[in-house]
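This report concerns only the one structure given below.
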Amino acid sequence: MALLSPESLQRIEREAAKYPPEQRQSAVMSALAIAQDQHHVLTNEVMEEVATVLGMPPVAVYEVATFYGMYNLGPTGRHKVAICTNLPCALSGALDAAEHLKVRCGVKGFNETSADGRFTVKEGECFGACGDAPVMLVDDKRMCSFMSNDRIDKLVEELK
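All residue numbers for the sequence shown refer to the working numbering, where the first residue is -9 and numbers rise by one.
So this is what it looks like as structure tokens:
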């Protein structure tokens, strides 16, 4: 039984077509993101299907999925909110912002999901927007900059 929908497979094929045929595996990051968009979590079975589609060993797909923090290898809340706590963001208030975010989302620590299942809060690595610190990444697709407590409050309300 195919785990990836025809639409997901079509999107993966579009990504793979950007590379020479013998380099289809170069689309692995995009393919994982597409699979995650469909399933919200990358199970071993889903990653094995991605490997089959791209013609690469499953272990190579697992290596990519486990290296990068944007891939969900376990269940998450409806919204995943990651906050960068690397030094430039930390010096610009990210540690305090992270504490405020955890309280607002109803979690005690990073990598936890709120009791209502709405939020998972993650500690992120550098998002490449140090001048906009503190920076958050919502659902791996939306970057939010200059995240004061007021802006965090508005974001959380919007995501509810």
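Here a beta-carbon is modelled for each residue, glycine too, at the ideal position from N, C-alpha and C.
Using CA atoms only, rank isn't needed, just tell me which of the options is closest to residue i.
| i | options | result |
| --- | --- | --- |
| Gly83 | Lys112, Val125, Pro47 | Val125 |
| Cys134 | Glu35, Cys74, Asp27 | Cys74 |
| Glu115 | Ile142, Glu(-3), Leu77 | Leu77 |
| Gly118 | Lys92, Leu(-1), Cys79, Leu91 | Cys79 |
| Asp86 | Gln15, Glu39, Phe136 | Phe136 |
| Arg4 | Leu44, Glu38, Glu39 | Leu44 |
| Ala88 | Glu39, Ala123, Pro11, Tyr61 | Ala123 |
How about residue i and residue j: do their beta carbons lie closer than 8 Å?
| i | j | result |
| --- | --- | --- |
| Val51 | Val18 | yes |
| Arg108 | Lys150 | yes |
| Thr110 | Thr42 | no |
| Gly59 | Lys112 | yes |
| Leu(-6) | Leu32 | no |
| Leu22 | Val54 | yes |
So who's on the other strand from residue i, going by DSSP bridges?
| i | result |
| --- | --- |
| Ala72 | Lys112, Leu127 |
| Thr103 | Thr110 |
| Cys134 | Met126 |
Taking all protein chains shown into account, do 16 or more other C-beta atoms lie within 10 angstroms of the C-beta of residue i, making it buried, or fewer, making it exposed?
| i | result |
| --- | --- |
| Thr56 | exposed |
| Ala6 | buried |
| Leu145 | buried |
| Ala(-8) | exposed |
| Lys92 | buried |
| Ala72 | buried |
| Leu127 | buried |
Assuming residue i contacts residue j under a Cβ cut-off of 8 Å, what Cβ separation, rounded to an integer in Å, is found between them?
| i | j | result |
| --- | --- | --- |
| His29 | Val36 | 6 Å |
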